[in-house]
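Note that the working numbering has the sequence shown beginning at 6, numbered continuously upward.
Think of the CB as a built atom: it goes at the ideal place given N, C-alpha and C, for glycine as much as any other residue.
In this text the structure is predicted, and so the values were computed from the model without any measurement.
Notes follow once the structure below has been shown.
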Amino acid sequence: SASPAQFSCGRRVFVRDDAQGWIEDARKSLPDYGHLQGDRFVSSSGAVVVYEYQAGGWQSQQTLSSAGVAAIDGDSIIVANELGTVTLFNSQEQRWSSVATFPFKASRVWIEGDTAVAADSSNGMVYERVDGVWRERGDFDLENSSSGEYSIAIEQGHVLVSGNNDAYFLTAGLQVEGNV
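Rendered as structure tokens:
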């Protein structure tokens with residue numbers, strides 16, 4: 006896939022410079038910790054709030070949850086809250102609306118296209134959007150991840166979970182292939 010035009014690390018935003026290196030864009034320092042995509046940002050420390058970068062600053066658009074973790078991709082957001090539910094939101098006409106809620110307690114989430122993942126320290130759930138409707142695709146177990154320190158990545162519907170010196174690739178049938 007193409008390299009990004011920007012990325013975030015903590016609350017700092019980095020952009021490509023003319024020499025194709027990376028420099029910090031201090032004007033875009035994030036209002037909180039969370040997930041950045043383009044000119045949209047969703048916070049993930051404390052309240053889950055959607056921000057948009059407008060007129061030279063981050064403007065709060067909508068609060069989705071009083072607490073939780075979140076990830077954004079385009080016009081979709083996944084939120085895992087402290088009540089043990091995972092909610093998927095879609096943006097329509099500058100408003101975020103809940104389109105699906107599932108029971109699952111998660112400490113990490115990720116979303117790309119029509120695939121979303123929620124996971125805790127030992128298991129996870131994959132969600133997929135089919136014909137505009139989110140549904141559970143299936144669950145998976147993670148071995149050797151008792152500390153919960155791991156990352157999730159999705160690329161074209163394929164899921165990779167890594168951490169604790171292990172990496173797990175989930176096949177289309179949600180079979181876990183460990184230590185890839």
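Residues near residue i by beta carbon distance below 6 Å, same chain, minus five either side
| i | result |
| --- | --- |
| residue 158 | 165 |
| residue 93 | 83, 104, 105 and 139 |
Euclidean distance between Cα positions of residue i and residue j
| i | j | result |
| --- | --- | --- |
| residue 23 | residue 10 | 12 Å |
| residue 69 | residue 61 | 23 Å |
| residue 111 | residue 99 | 27 Å |
| residue 133 | residue 34 | 32 Å |
| residue 126 | residue 97 | 33 Å |
| residue 109 | residue 81 | 18 Å |
CB contact below 8 Å: residue i versus chain C
| i | result |
| --- | --- |
| residue 132 | In the structure shown, chain C does not exist; there is a single protein chain. |
Opening and closing residue of the beta strand (DSSP E) in which residue i lies
| i | result |
| --- | --- |
| residue 41 | 39 to 42 |
| residue 117 | 113 to 117 |
| residue 133 | 128 to 135 |
| residue 81 | 81 to 86 |
| residue 49 | Run containing residue 49: none; DSSP gives neither H nor E here. |
| residue 64 | 62 to 70 |
Cut-off 7 Å between Cβ atoms - residues of its own chain near residue i, not counting five sequence neighbours on either side
| i | result |
| --- | --- |
| residue 25 | none |
| residue 65 | 54 and 56 |
Nearest residue (CA-CA) to residue i, options the options
| i | options | result |
| --- | --- | --- |
| residue 43 | 76, 52, 67 and 72 | 76 |
| residue 136 | 128, 120 and 129 | 120 |
| residue 71 | 107, 58, 116 and 47 | 47 |
| residue 52 | 74, 89 and 45 | 74 |
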